[in-house]
Amino acid sequence: MQLYLAFMSKQEKYATIHYHKYLEIDQLLSLQKNRSAALGENAHDETLFIIMHQVYELWFKQIMTELDSVTVLFREERVNADNMNTVLLRLKRISTIISLMVEQIHVMETLTPLDFLDFRDYLFPASGFQSMQFRMIESTLGLREEDRMTYHGKSYKIVFTEEQQARLDAIEQGGSLFELVEKWLERTPFLQFEGFDFLSSYKSAVDRMLAKEQGNITGSEYLSDKMKALRLKMLGDSNSYFKHVLSREEHERMMANGECRLSYRATIAALLINLYRDKPILNIPFNLLTELMNIDELLTTWRYRHAQMVMRMIGNKIGTGGSSGHDYLAATAEKHKIFKDLHNISSLLIPRSELPALPAAVERELGFWYGRS
Ligand code: HEM
């Protein structure tokens, strides 16, 4: 009997299946129900409007599939190094999908404002504002409730059912990708080696670099006094960028004021990874930070493009969800950035020529030394 059952399941496993059945095409194609046709006169372009949103929701589902798997891999106390490449490939997939989402706005723009008016009233008060998956993506990446635009002074969650709100709360409390990456950066073991302390070497390099630039300006035969004063002022301004990495207290003050979010230790680790990214062991961490910035940047681009498209479609009318429409959406593009601190690492970089040389033992630690004595 057991042998028979084993045979049956094997049979089922390798039974042929038709394309239509495998992809549930019949069900999929029955899901575009024009409300204009059901309630009044069929508006031709409503099918496009529905399909566009459904396609986006499918992409959101794929993004969440990748994000869930990445956060599981990152949640381990010690992230298994063997998983890092998988994490990177999945993040790359997310950014590729968001690029496509940005491109797809062109298709939405083939709907003209006049044709949109043929069915806009039928969808009221439905709005992308109620997309649960979009909110899940934002929160899983690390957008916090306190960093969001409010909705008529109320939480963005009020448009969701209690069950959905509980799911969003669980995501917010469960540790976002931002927080997991922050912890992973804080654990970076490369900040201190015997005979090499990254932070103090970096501080000396910054001081040397600024003193050299100051000397170049004041000693220049070609600059007028006015130009010298201007350049020295600019140098003073760039000096201020370094203040918060050179002092933990300053960094913590900025964090408390909401001027930055990433912890001091994680910021220093991200800086080290960026400066020494060519060392083999730091290649993957560098690419990972880059991919997170790509995702953030592409999501911001999508927000801008969506806001622009909305402006073209409804001018300055309010949205079906009740927001101010274009103005609200354009504001989210700036306010809802998540990995801004990683972008800001660029203001802390110093030229390769000024980079503190690593002791030979550290070079060896950061390289692929298998087989070398
Ligand atoms: C004719 C096309 C579209 C128009 C006129 C439009 C309009 C708007 C408006 C006015 C809002 C602000 C909330 C409100 O008051 O309703 C909004 C939000 C949103 N829309 Fe669209 N939209 C369009 C297409 C799309 C498409 C194809 C998607 C893809 C899923 C989408 C996703 C979203 C999302 C996720 C939000 C929330 C954004 C946030 O709060 O940060 N929209 N939309």
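For the sequence shown, my numbering begins at 26 and goes up steadily by one. Backbone N, C-alpha and C define an ideal beta-carbon position, used for all residues, glycine too.
- Task: Give the secondary structure of residue 58 by DSSP, where H, G and I count as helix, E and B as strand, and everything else as coil.
- Result: Under the three-state reduction of DSSP, residue 58 is assigned to coil, being neither helix nor strand.
- Quick check: the stretch 110-119 against the stretch 88-95, are there 3 or more CB pairs under 8 Å? yes
- Report yes if the C-beta of residue 339 is less than 6 Å from at least one heavy atom of the ligand HEM; otherwise report no. yes
- When 383, 380, 373, 347 are compared against residue 175, the one with the closest alpha-carbon: Nearest C-alpha to residue 175: 347.
- Mind checking whether the beta-carbon of residue 185 lies closer than 6 Å to any heavy atom of the ligand HEM? Taking 6 Å as the cut-off, the C-beta of residue 185 does not count as close to any heavy atom of the ligand HEM.
- Task: Could you tell me if residue 149 is buried or exposed, where buried requires 16 or more neighbouring beta carbons within 10 angstroms of its beta carbon?
- Result: exposed
- When you compare only the Cα positions, how much space is there between residue 313 and residue 56? 38 Å
- Query: residue 398 to residue 211, Cα distance in whole Å?
  - Reply: Low local confidence applies: a pLDDT of 47 at residue 398 is under 50, so the model's placement there is unreliable, with the coordinate-based value given in what follows. Approximately 31 Å, taken between the alpha carbons.
- Task: Can you grab the Cα-Cα spacing for the pair residue 341 / residue 54, in whole Å?
- Result: Cα to Cα, the separation comes out at about 34 Å.
- Query: Is residue 123 near residue 234, with beta carbons less than 7 Å apart?
  - Reply: In this structure, residue 234 does not lie closer than 7 Å to residue 123 by Cβ.
- Message: Distance check for residue 327 and residue 39, CA to CA, integer angstroms please.
- Response: 42 Å
- Test item: CB-CB of residue 332 and residue 361 under 7 Å: No. Outside cutoff.
- Kindly give me the distance between the Cβ atoms of residue 381 and residue 156, rounded to whole angstroms, as I take these residues to be in contact under 8 Å. That pair is no contact at about 48 Å.
- Message: With a threshold of 8 Å, are at least 3 pairs of Cβ atoms found where one atom belongs to the stretch 126-143 and the other to the stretch 169-183?
- Response: no
- Query: Can you tell which of 96, 236, 153 has the C-alpha that lies nearest to the C-alpha of residue 197?
  - Reply: Comparing Cα-Cα distances from residue 197 to each of 96, 236, 153, the minimum goes to 96.
- Starting from the C-beta of residue 317, find all residues in its chain whose C-beta is less than 8 Å away, skip the five residues before and the five after it, and write them out in chain order. 116, 202, 206, 364, 367
- Span separating the alpha-carbon of residue 280 from that of residue 286: 6 Å
- Query: Enumerated in chain order, which unbroken segments of the alpha helix (DSSP H) with a length of 4 residues or greater are wholly contained in the stretch 301-383?
  - Reply: 305-339, 351-360, 365-369
- Could you give the distance in angstroms between the alpha-carbon of residue 152 and the alpha-carbon of residue 209? 37 Å
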